[in-house]
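*Asks:*
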Amino acid sequence: MDKGGLSLAEIQEVPKESLILLSGPPGAGKSTFCHQTVLNGLALDRPVIFVTSEQRPAEVIELLRERGIGEMVGLSFVDAFTETVGLTITQRADTVYANCADLNSLSIAITKLRDRVGQKDTLLAFDSLTSPYLFSGMEVAKFMRLFLSKFASEGNSVLALMDEGCGKEEDLGAMMSLADGILRMEINETSRIMNVVKHPKAKPARIEVPATKIWERKLYDVKFWDRQMIKHTMEAEQYLRQEFSVNIFWPNFALWSSILWDPERFPEMTYEVWKEYGSLTREMIPFFPWHTRFLFKLVIPKNLSKVKDMKKLCSRFMIQHTKARRDGIVEYLEDVSKTDEHYIRVYENRECCGFENIGVAMASILPPLWAGSCKGLESEEREWNAIETKCIGLGDPYCEFKLVPGEIGELKSSLKKDILAVERIHERLIERLMGFLLHGKPLAERPRLGSDFVMAHPDIILPAVAGERYRMALRMGGAKAGKEVGEHLMKAGLTEDEAVKRVLNFLEHCRVGKVSAHETITMKDSSESLYTKYYTTKWEEPSCFFTTGFMNGLFSAVKNKHVREIKCIAAGDPYCEWEIL
Amino acid sequence: MTVLEVDMSDDYTSTGIAGADKILGEQGLPRGHSILIAGGPGSGKTTFAIQFLYNGATEYNEPGIYISLDEDPDDVKKNMSKFGWDLGKLEQEKRLAFINVSPVRVTSSEKVGLVQLGMKEFKLIKLLEAIRAGIEEVQAKRVVIDPITVFTLQYPDEVERIYAMRDLIADFRKTGCTNLLISELRGTGLEREHQFEEYLAQGVILLRTMMREDKLVRIFQVEKMRGLEVDNQPRPYNITSSGIEVYPTLTVFK
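Protein chains in written order, with the working numbering: chain X, 630 to 1210; chain Y, 3 to 256.
(1) Determine, using beta carbons only, whether K256/Y comes closer than 8 Å to chain X.
(2) For chain X, find out if any of its Cβ atoms is closer than 8 Å to the Cβ of V248/Y; answer yes or no.
(3) Thinking just about the alpha-carbon of each residue, which of C1003/X, I649/X, A953/X is nearest to the one in M939/X?
(4) Report yes or no: is there a C-beta of chain X within less than 8 Å of the C-beta of N234/Y?
(5) Do K1153/X and Y1204/X have their CB atoms nearer than 8 Å?
(6) Say whether chain X places a C-beta atom closer than 8 Å to the C-beta of R214/Y.
(7) May I have the straight-line CA-CA distance separating A709/X from A803/X, to the nearest angstrom?
(8) Residues of chain Y with CB closer than 9 Å to the CB of F776/X, please, in chain order.
(9) If the criterion is Cβ atoms closer than 8 Å, does the pair G178/Y and I37/Y meet it?
(10) Using a Cβ-Cβ distance under 8 Å, would V219/Y count as near chain X?
(11) Within a Cβ cutoff of 6 Å, which residues of the same chain sit near L1159/X, ignoring the five residues on either side of it in sequence?
(12) What is the rounded straight-line gap between the Cα of F50/Y and the Cα of F85/Y?
(13) Near P149/Y, which residues of its chain fall below 7 Å by C-beta distance, leaving aside the five closest residues on each side in sequence?
(14) Are the C-beta atoms of E768/X and some chain Y residue less than 8 Å apart?
(15) Relative to the C-alpha of E93/Y, which candidate in N81/Y, E131/Y, Y68/Y, I207/Y has its C-alpha closest?
(16) Counting beta carbon pairs with one atom in the region 888 to 902 of chain X and one in the region 1106 to 1116 of chain X, are three or more of them shorter than 8 Å?
(17) I need the DSSP call for H1055/X, collapsed to helix, strand or coil.
(18) Can you grab the Cα-Cα spacing for the pair E138/Y / I164/Y, in whole Å?
(19) Would you mind listing the beta strand (DSSP E) stretches within the region 752 to 807 of chain X that are 3+ residues and don't spill past its ends, in chain order?
(20) By the three-class DSSP mapping on this structure, what secondary structure does H1138/X have?
(21) Are the C-beta of N240/Y and some C-beta of chain X separated by less than 8 Å?
(22) When the Cα of I649/X is compared with those of Q641/X, P655/X, G656/X, which residue comes out closest?
(23) Quick one: residues in its chain with C-beta nearer than 7 Å to the C-beta of L692/X, no 5 flanking neighbours on either side, listed in chain order?
(24) Just to confirm the assignment, what range does the alpha helix (DSSP H) spanning G1005/X have?
(25) Per DSSP, which residues does C1205/X bridge with? Please list them.
(26) Using CA coordinates, which residue listed in R1193/X, V1114/X, W879/X is at the minimum distance from N1212/X?
(27) Check whether the Cβ atoms of F755/X and L812/X sit closer than 8 Å, and answer yes or no.
(28) For the candidate residues G42/Y, Q53/Y, V161/Y, A40/Y, whose alpha-carbon lies nearest to that of D23/Y?
(29) Using a beta-carbon distance below 8 Å, is L732/X in contact with chain Y?
(30) In chain Y, what lies closer than 9 Å to K771/X by C-beta?
(31) Among D956/X, L962/X, V707/X, whose alpha-carbon lies nearest the alpha-carbon of L942/X?
(32) Could you tell me which chain Y residues have their CB closer than 9 Å to the CB of T740/X, listed as they occur along the chain?
(33) Along the beta strand (DSSP E) that carries W1013/X, what are the first and last residues, could you check?
(34) As a quick exercise: from K904/X, D1047/X, E985/X, L758/X, pick the residue whose alpha carbon is nearest that of L1023/X.
(35) Quick check: what's the CA-CA separation for F917/X versus T751/X?
(36) Would you say I737/X reaches chain Y, if we count a Cβ-Cβ gap shorter than 8 Å as a contact?
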C-alpha cells in the first residue's frame, strides 16, 4: 500500500479556505467519506452545513447516528431533495429547503444557514452536485466559482461530491479545474482507492482502503484480534509490572463524558466490549508458558455453576487480581450465593467511589469483565452475565453484583442510563475537577486503596476495536467536557495560558501521560493510545480519542483554537503529539 | 426648481429590508425623493412598498400613506397580513393611511378632506390634493403610489404624460416625503427597453422574474440611485413568510 505518508483521516479534514471536489462512480464510497468528514468537523467543534440532494436529511441523520453521532449540535441541513422531487415539506429548525433545479435557491439557503450560524470556519458538505448539474448543466461551474469558491474563501471549507459518468467528461474536467483540491475515488472488487489528485495540504497520493472499511466493522470483531495481538497482550502485562497506574478519576471522567454524549448506546457497547475482553482469556491460554497453563488447569474449575467452584476461582484468581490492580477489594458472598447465581461484593470499587448517593448504579466495567472472564475460563462454553445490585452510587456502603450463566432480565434496562442521572454524575465529576484545578483539592481518594489503580486493562477502552460509534462518543464526549472545563476556568478569571497550564498539569497528575507543552503538546506514555498499540496490529490512525477531544474542547473554549493529533503511539510513533491550530 | 435640478441631500432613509439597504450602500433611499419600483406581475412590488411603509411606521417613526390607484386597500391589507403585518392597527394609530383613488371602483361620494375622488378621469391636481391631505392626516414621511401606471394612462399623449409625471415628482419633492412609485415592468427578462419613468425618478429598483426549469427565479436590481454608490448587479431575492428578503452577496444563476 503506497500511502505517501498520508492517511485517510488527514484528507478527511478539509483545509480552511478550500473547495475540495470529490468525484467517483456511484457506490465508490463518496457519501461515506463525506459523512466521515462531517463527523470529523463536528468533533473539531466546527459548524457544519450539509447540503443533501440525493436523500432526505432524516436519512442522513440516521446514517450519521450509525457512525456514532449523538447530539446534532452544530449541524444544519439544506434539504435540496424534498422540494426537488416534489415531496411535502415539513418545517424543521435545523433545515432550510432548496431546489436543485434552481441554483439561486441553493446559494440563498446556504447563505441563510451561514448567517444563522454566524461563525466562520464552517464546513460545507455538498452531497452532491450531480443533481444540480443534471438540471442546470455547466451553470454549475459558475455556481462553483461564484458561490462555493467564494464561500470557501470567506474562511470556510467546502467538500463537494460529483458522480463520474453522468455527464460530459469535459464538464467534470472543467469543474475540477475550479476546485482547490481534487479527490477521485475508484472501486474494484477488493478495495476502494482514493486518489489524491491535488490537495492544498497533501502531496498527490493513492490510498487503498480495504472494501470492508474500519468504520464499517461491527461493534467488536474477534478476528481483528489475531495471534500477534495476543502476543502483544502478553508484553503489555509485562510492561504493567512496572507499576503503571493512573488516577481513578481520569477513566471515570472519560467513561461518563462519553455516556453523556451517547447515553443510548454507549453503556451497552461498554458492557459488550468488556465482556468480550474478559472472555479473551480462553484464546490467550494456549499462548501462556507451560507452567502458567498447568497452574490454570489446577486452579480453575471446569464448571462454575457450584458455589464451591466459584469460591475457588474467586479466592485463587480473581480476588488477588482485582486487589493487585487496586480496582477494588473483592469478597465472594458464599452465604447468599447458590448454584448458577453468584454474588460478589466489592469494597472501594474504583468506578463508584466519589459518587455516593448519586441515585444510580455506577459500575460499568467490573461486572461485564467478570462475566466475560467466567465465559472465558469455564471449559464449557456458556454466556455469563453480571449486573450490579448494590452500589455506592445507590447509597450502599459497598457494591455487589450478581453473576449468572445466561441472561439477566433486568440487565438491558439497567444499561439504559437515565440521562438526568448521567448529568448529575457528570456535574459531580466537573465539580471535583474544578476543585482540583482551582483549589488543589484531591480528585479522588479511597480509604484503603488510595487514588491510583493499575491500568492492567485498556481503560479508556479498546476504542480501536470497539467501532466508530464508540470512538465518536469518546471524541465528542471529550470535546464537550473539555469545553465545559475551559469555560469554567475562564469564568473563574484565569488567564488563557494559566488555564491550559493547569489542565495539562492535571493530565500529568492523573498520569494520563508525561506531558510537555511548547509549540506543540507532546505526551509520552499516553495511556489511551498505549493500549491501542498493544491490542491492535494494523492500527495506523491517531487514537487518543478522548484525550484529543478533551484538549480540543479546552482549546476551543480558552484560546478559540483547535488541536490535532499528528503523532500517536498507537500508530507507531514514540510519543503522542498535538499541533495547535 | 425643476426635478432635474433638485439638490441631493445626503440624508437617507432605511428601507428596513437589510439586504436591500446593503445594496443601497448601507444607506437606504434618498429621503424626500421619488423612487420607481418596477416589476412584473407577482414580483412583490406591493409587498416591497408595504414593507417599506410598515418598517417606516414601526421602526423609524416615519408614518406613511398608501395611495391605491388600482387594488382595493382592504384587499391589500388582507393580503399583507400573511407577513404578520397588522396594517389595520397602524391605520387606527394614525401611523399609516390608506387612500383609495381607484378611478373605476370608487364612488364619487368618497372624500379625503375636501377632495372628491374617483372620477373616471382624474387629473394630476386631484391626485396631488389627495396626497397632500393624506400626508397631513398622518404627518407622513413615506408615500407609495400603487401603481403609477394607472395615472400615466390618463395622459394618452406621450409629451403630456412626461410633463404630468415630472410635475408629480416635482410636487412630491416639495412635500419632503420619500415616495415609491410602483410601475409595471414591460418585458421582464434581462434585456428590455427602458421606460420614461425611469429617467424621471431619482432612483429605480427593478424586481424581475425569470423561469428556470419550472422554478421562478427572482432578481433584485438597483438600476440607479442618484447620489449613492450602489451595487448595480442583479441579486437574488425571495418573498418569504416575513416579507421580501434580498441577498446582497449572491450572484444570480440562470
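C-beta: ideal position from N, C-alpha, C; glycine also.
*Replies:* In short:
(1) In the second sequence, counting from the first residue as 1, residue 256/Y sits at position 254. Yes, K256/Y lies at the interface with chain X (some Cβ there is under 8 Å from its Cβ).
(2) Residue mapping note: residue 248/Y aligns to position 246 of the second sequence, counting from 1. No - not a single Cβ of chain X is within 8 Å of the one on V248/Y.
(3) The residue you call residue 939/X lines up with position 310 of the first sequence. It is C1003/X.
(4) Counting from 1 along the second sequence, the entry for residue 234/Y is found at position 232. Judged by the 8 Å Cβ criterion, N234/Y is not in contact with chain X.
(5) Residue mapping note: residue 1153/X aligns to position 524 of the first sequence, counting from 1. Residue mapping note: residue 1204/X aligns to position 575 of the first sequence, counting from 1. Contact annotation: K1153/X and Y1204/X have beta-carbon atoms nearer than 8 Å.
(6) One-based indexing of the second sequence puts residue 214/Y at position 212. Taking Cβ atoms only, chain X reaches closer than 8 Å to R214/Y, which makes this a yes.
(7) By 1-based counting over the first sequence, the position of residue 709/X is 80. By 1-based counting over the first sequence, the position of residue 803/X is 174. The straight-line gap from Cα to Cα measures roughly 23 Å.
(8) For the purposes of this step, residue 776/X is taken as the residue at position 147 of the first sequence. Under the 9 Å cutoff, chain Y gives L252, T253, F255.
(9) Stepping through the second sequence from its first residue, residue 178/Y is reached at position 176. Stepping through the second sequence from its first residue, residue 37/Y is reached at position 35. Against a cut-off of 8 Å, the Cβ pair of I37/Y and G178/Y comes out as no contact.
(10) The count along the second sequence starts at 1 and reaches residue 219/Y at position 217. Closer than 8 Å: yes.
(11) The residue you call residue 1159/X lines up with position 530 of the first sequence. The residues are I1198.
(12) Position 48 of the second sequence, counting from 1, holds the residue named residue 50/Y. Position 83 of the second sequence, counting from 1, holds the residue named residue 85/Y. Across the structure, F50/Y and F85/Y are spaced so that their CA atoms are roughly 12 Å apart.
(13) The residue given as residue 149/Y occupies position 147 in the second sequence. Scanning its chain for C-beta atoms nearer than 7 Å, with the 5 sequence neighbours on each side dropped, one finds around P149/Y the residues L71, D72, I184, S185, E186, in chain order.
(14) Translated into the one-based positions of the first sequence, residue 768/X becomes position 139. Answer yes: the Cβ-Cβ gap between E768/X and chain Y drops below 8 Å somewhere.
(15) On the second sequence, position 91 is the one that residue 93/Y refers to. Each of N81/Y, E131/Y, Y68/Y, I207/Y was checked against the Cα of E93/Y, and the nearest Cα belongs to Y68/Y.
(16) Flag = yes, the region 1106 to 1116 of chain X and the region 888 to 902 of chain X touch.
(17) On the first sequence, residue 1055/X is found 426 positions in, with the first residue counted as 1. Reduced to three states, the DSSP call for H1055/X is helix.
(18) Within the second sequence, residue 138/Y is the residue found at index 136, counting from 1. Within the second sequence, residue 164/Y is the residue found at index 162, counting from 1. Distance between the alpha carbons of E138/Y and I164/Y: 27 Å.
(19) Here the runs fully enclosed are 752 to 756, 786 to 792.
(20) By 1-based counting over the first sequence, the position of residue 1138/X is 509. Correct three-state label for H1138/X: helix.
(21) Sequence index remark: in the second sequence, residue 240/Y carries index 238 (1-based). True, the Cβ-Cβ gap to chain X drops below 8 Å.
(22) As a position in the first sequence, residue 649/X is number 20, starting the count at 1. Closest option to I649/X, judged by alpha-carbon separation, among Q641/X, P655/X, G656/X: Q641/X.
(23) Stepping through the first sequence from its first residue, residue 692/X is reached at position 63. H664, listed in sequence order.
(24) The residue labelled residue 1005/X in the question sits at position 376 within the first sequence. Note, G1005/X: alpha helix (DSSP H), 995 to 1006.
(25) Here the question's residue 1205/X lines up with position 576 in the first sequence. Bridge pairing for C1205/X: M1152/X [DSSP].
(26) No statement about residue 1212/X is possible, as the shown extent of chain X runs from 630 to 1210 and does not include it.
(27) Residue 755/X sits at position 126 when you count from the first residue of the first sequence. Residue 812/X sits at position 183 when you count from the first residue of the first sequence. The beta carbons of F755/X and L812/X sit no closer together than 8 Å.
(28) Here the question's residue 23/Y lines up with position 21 in the second sequence. Ranking G42/Y, Q53/Y, V161/Y, A40/Y by Cα distance to D23/Y puts Q53/Y first.
(29) The residue you call residue 732/X lines up with position 103 of the first sequence. Yes, contact with chain Y.
(30) On the first sequence, position 142 is the one that residue 771/X refers to. Under the 9 Å cutoff, chain Y gives T253, F255, K256.
(31) Translated into the one-based positions of the first sequence, residue 942/X becomes position 313. Taking only the C-alpha atoms, the option nearest L942/X is L962/X.
(32) Looking up residue 740/X in the first sequence gives position 111. Around T740/X, the beta-carbon contacts reaching into chain Y at under 9 Å are Y249, T251, L252.
(33) Taking the first residue of the first sequence as 1, we reach residue 1013/X at position 384. Residue range 1013 to 1019 is occupied by the beta strand (DSSP E) that includes W1013/X.
(34) Mapped onto the first sequence, residue 1023/X falls at position 394. Here the closest residue by C-alpha is E985/X.
(35) Working through the first sequence from its first residue, we reach residue 917/X at position 288. Working through the first sequence from its first residue, we reach residue 751/X at position 122. Answer to the nearest angstrom: the Cα atoms are 53 Å apart.
(36) One-based indexing of the first sequence puts residue 737/X at position 108. True, the Cβ-Cβ gap to chain Y drops below 8 Å.
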